Each structure stands twice: as structure tokens, then as C-alpha cells.
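**Q**
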Amino acid sequence: MTSPNKSSADEDTHAGAATFYGPRFQNNPEEVYRELRREHGTVAPVLLEGGVPAWCALGYREVHHVTSNPDLFGRDSRRWNGWNSVPHDWSLRPYVEPQPSVVFTEGEDHRKRGGALAEALADVDEFDLRSQVEQICDGLIDGFAGRGEADLIAEYTHQIPLLALLKIYGLPDEEAPTLVRDVALSAEEGDEAVRAHERVVARMLALAGEKRENPGRDVPSFLQAHPVGFTDEEIAADLFITMGAGYLTTSDWMGNTIRLMLTDERFAVTLAGGRRSVGQALNEVLWEDTPTQNFVGRWATQDTRLGGKRIRKGDLVVLGLAAANTDPQVRPDSYAGAAGNQAHLSFSHGEHGCPFPAQEIARIITTTGIEVLLDRLPDVALAVEPEDLVWRPSVWMRGLTALPVTFTWY
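Going by numbering that gives the first Met the number 0, the first residue of the sequence shown is number 0, and it counts up by one from there.
Here it is, written out as C-alpha cells:
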């Protein structure tokens, strides 16, 4: 992909900007964040894939300020002053281009539509969900338990959240392989991400039409019947965003937590029966290895200042959630305050943060998935050296490409 032409103003404000994509993030994103802090402070000029300029809020206070002030940092990307620098095939275009999803609405419209989506998710029966996830996990483990070895990413954590979401959406299980592939691709870099996004949205649009004709006890049917009056296009956009955010983040949350428990002696000592340690590990991962590293984004509604930097009206601000969680001004010692402390920004913050019902659904899925694994395979162990594990190449998501393990089949 060729770099777009940038104005002289962009070049001035982004002098010394860091390349915010590529292999460095895959291997050690925290090193990149530390370097940005040293050179630029809590807000850094960055170049996204394709050389597209943006600001990244790295500081905890700065991310909190941006997400707490939607009138100053809005979600409507139509105000972006950088659209002329965005290539047509930019992989992030599906996530910033204006669309009928609730995430791009603002003010009263967002509160009405966001409230309706939260109601739809809150209508999910948590007891039934936990039971369904247990069945999903047992079925997946049955598929590989006899071998004594498995890749817990491909064969377990990447399957569970989407299979659970298919039930919440009223979709058949046989659609899982295609959706797993396309939703994962849509969060990566490159041309195929755009095409994968288009395929998933098309399926969600078809689903919205199906539920209008044959409603059930599921999220799209709830939205169809809601008095807000959603169009099929709005429902499809919201279903895609919910699926993309819910599936990938929940999968990586589970995978990253299992990795922590298999590699850190603080958790390994209680691995065989460690019910208490599962919740602690899940919370620590949200602080130290959060599935959503960075989020695009917010757009300044007027000229302002953030972290000592001049932000122009229409500038794009990336939320550096992982960097904010490890901000040394807030948490000078690694791991300090993680136990029992849920003030992390992994679910973002403010009226555009992850709805609480969605957080609870993710927590049920991850907790159940790990507990069933430990019940069924109590001596599960990492099959490779920890340093040989490979992280998926994404600036936005933090997750492993594979998690090979061995165990004894009883």
C-alpha cells in the first residue's frame, strides 16, 4: 500500500511520529509505548497503517479525559480532517468510515440506540448462557482430549465465544467456521480485512431480514421489536460491531489468561484446583495484557490541547488502552494494585464504553471456558517454551496465534 500525501500541517504536527503498525507491536508493544512516552509524553503523534496521521493518547488520565468528554472528542468520524489521506483499500476504513452503527452516533441518538442494544444484551439469560458455554466447552474438549495434546487457541478459545454468540444471535452452529475466519480477518491489516468485513456485514444484514420474518428469543429479534425502530441496516451494523468486539476480545481475554496461568508461578501453584485464581488471572490480564490494545477512535470537535499537544478540530485520537493501563504515573510498579482493582480502561470508559451487560457476557464466557478446561484437564501444561509463543500481528488486538499444550487423558 502506498503512503498517502499529507499536508504540510500534518508533517509539522507529526514530525518524529512513530510508525504505529508492524512487527514491533507483535513482539513487544509495551516497549513501543515506553519509547513513545519518553519521546512525546502522554500523547504521541503516530502514523497508522498506510502512513495515516493520528494522535495516540497513552496516559491513563488522558484516555479518561477523552472518553469522559464526548462533546469535545466525538465518535462521528464524518468530522475527520484526514479523510483525503486515507487510501480506498485502507484496512481500518470499515472501523472509521461512517456507518449506521450505534458506535458512530452521538448525544441523545446514541443514548437511545445504545440503551436499546444494552437492553437486548441484558435480556440474555445468564444461567442459560453459562449452561450453553459449558456444553460448548465439553464438546470441544471431547474433540481433542484423546490425543493428549491440543492448540488451545484454534481448538478452544477461538471457538467458544463465537459459538456462544451464534446462540445469542439465533444463528446455526454450522456457520461458525466461516464467521470465525472472517471476523478474525476483519481485525487484521491488509486488503483482505476490508473484504472480510463486507462479508460479515452482509450476513448480519441477511440475519436481520430473517428475524423480521421469523423472530425468536435472540438479540436481533429483540432489536427488531424495540420501540426505537431500528432499520435492518442499523441492526446489521450493530450486530457486526457487537460480534467483532465480543468475539475477538473475549477469545483473546481467555487465551491470554490461560497463557498467564500456565507460565506464571503465582498462578501455576493453584492451577490444578485454582478456582480462586481464575478471577485474579482474568483481572490481571485486563491490566497487563488487555485484548484491546488500542481503539480507533475519537475526533476532536474543536481545537484543543491534550497532554500538552495541540489537537486541531477534526484530528483523530486513538485510545491507547493498553498503554494507559500500564501508565507509570498511575501504576509505577508492574502488577501493583492489579489484584481486586478493576479501574483499568480495558472496556474503555464513558457513554461509548463497552456496555455493562456485554462485559458480563464476556466474563461468563471466559470464566466458564477456563474453569471447564481446568476441571477436565487438571494437569494441562504448555508444550513449548513461553518465549516461543507468537503474538498475532495486530496493533489493535493482543492475542496468541497458537497455544500448544499437553495433558493426561483420564
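By construction, the Cβ of each residue, glycine as well, lies at the ideal position given by its N, Cα and C atoms.
Predicted model only: the values in this text are computed from it and were never measured.
Just to confirm, are His196 and Ala115 a CB contact at a threshold of 8 Å?
**A** no
**Q** Quick one, are the C-beta atoms of Arg258 and Asp231 less than 8 Å apart?
**A** no
**Q** Where do the ends of the alpha helix (DSSP H) carrying Ile363 lie?
**A** 355-375
**Q** If you draw a straight line from the C-alpha of Phe19 to the C-alpha of Phe346, how long is it?
**A** 21 Å
**Q** Quick one: residues in its chain with C-beta nearer than 7 Å to the C-beta of Tyr246, no 5 flanking neighbours on either side, listed in chain order?
**A** Pro160, Leu161, Leu164, Val182
**Q** Which residue's Cα is closest to the Cα of Leu261: Val383, Ala236, Thr241?
**A** Per the Cα distances, Val383.
**Q** Do you know how far the Cα of Pro377 is from the Cα of Ala357?
**A** 29 Å
**Q** Would you check if the distance between the CB atom of Gly254 and the CB atom of Ile152 is smaller than 8 Å?
**A** yes
**Q** Kindly indicate which three-state DSSP category Pro443 falls into: helix, strand or coil?
**A** This structure does not reach residue 443, given that the chain is present from 0 up to 409, and the question cannot be answered.
**Q** Following the continuous alpha helix (DSSP H) through Glu61, name the residue where it begins and the one where it ends.
**A** 59-67
**Q** Ordered along the chain, which non-local residues of its own chain (more than five positions away) have a Cβ less than 8 Å from that of Gly273?
**A** Note that Gly273 scores a pLDDT of 46, beneath 50, so its modelled location is shaky and nothing firm can be said.
**Q** So does the region 285-296 actually touch the region 320-329, counting three or more Cβ pairs closer than 8 Å?
**A** Yes, the region 285-296 is in contact with the region 320-329.
**Q** Given this structure, state the Cα-to-Cα distance separating Arg31 from Val45, to the nearest angstrom.
**A** According to the sequence shown, residue 31 is Val rather than Arg. Distance between the alpha carbons of Val31 and Val45: 11 Å.
**Q** If we count the other Cβ atoms within 10 Å of its Cβ and call it buried at 16 or more, is Gln416 buried or exposed?
**A** Because the chain is modelled from 0 through 409, residue 416 falls outside the range shown and cannot be assessed.
**Q** Give the DSSP-derived three-state secondary structure of Asp127 in the structure shown.
**A** It is helical.
**Q** May I ask you to verify whether the region 199-210 touches the region 116-131, counting CB pairs closer than 8 Å and requiring at least 3?
**A** no
**Q** Just list the residues that DSSP pairs Trp298 with in beta bridges.
**A** Gly73, Leu315
**Q** Measuring alpha carbon to alpha carbon, tell me which residue in Met396, Arg311, Gly398, Trp408 is nearest Trp410.
**A** The question about residue 410 has no answer here: the residues shown for the chain are numbered 0 through 409.
**Q** Could you pull the start and end residues of the beta strand (DSSP E) that Leu402 belongs to?
**A** Leu402 -> no beta strand (DSSP E), and no H or E assigned at all.
**Q** Nearest to Asp302 by CA position, among Gln292, Gly147, His343, Val316, is which residue?
**A** Val316
**Q** By DSSP, does Val383 sit in helix, in strand, or in coil?
**A** coil
**Q** May I ask you to report which of helix, strand or coil DSSP gives Ala149?
**A** strand
**Q** Bridge partners of Leu46, per DSSP?
**A** Thr18, Pro52
**Q** What does DSSP give as the partner residue(s) for Met396 in the beta ladder?
**A** Thr291
**Q** Quick one: residues in its chain with C-beta nearer than 8 Å to the C-beta of Phe24, no 5 flanking neighbours on either side, listed in chain order?
**A** Val31, Gln292, Pro392, Ser393, Val394
**Q** Which residues mark the beginning and the end of the beta strand (DSSP E) in which Leu91 is found?
**A** Note, Leu91: premise wrong, no beta strand (DSSP E); not H, not E.
**Q** In the DSSP output, which residue or residues are listed as bridge partners for Leu305?
**A** Lys308
**Q** Does the beta-carbon of Pro171 have 16 or more other beta-carbons within 10 angstroms, so that it is buried, or is it exposed?
**A** exposed
**Q** Quick check on the burial criterion: 16 or more other C-beta atoms within 10 angstroms. Buried or exposed for Phe355?
**A** exposed
**Q** If you draw a straight line from the alpha carbon of Leu47 to that of Ala16, how long is it in whole angstroms?
**A** 10 Å
**Q** Have a look at His348 and Val295 and give me their C-alpha separation to the nearest angstrom.
**A** His348 and Val295: Cα-Cα distance of roughly 14 Å.
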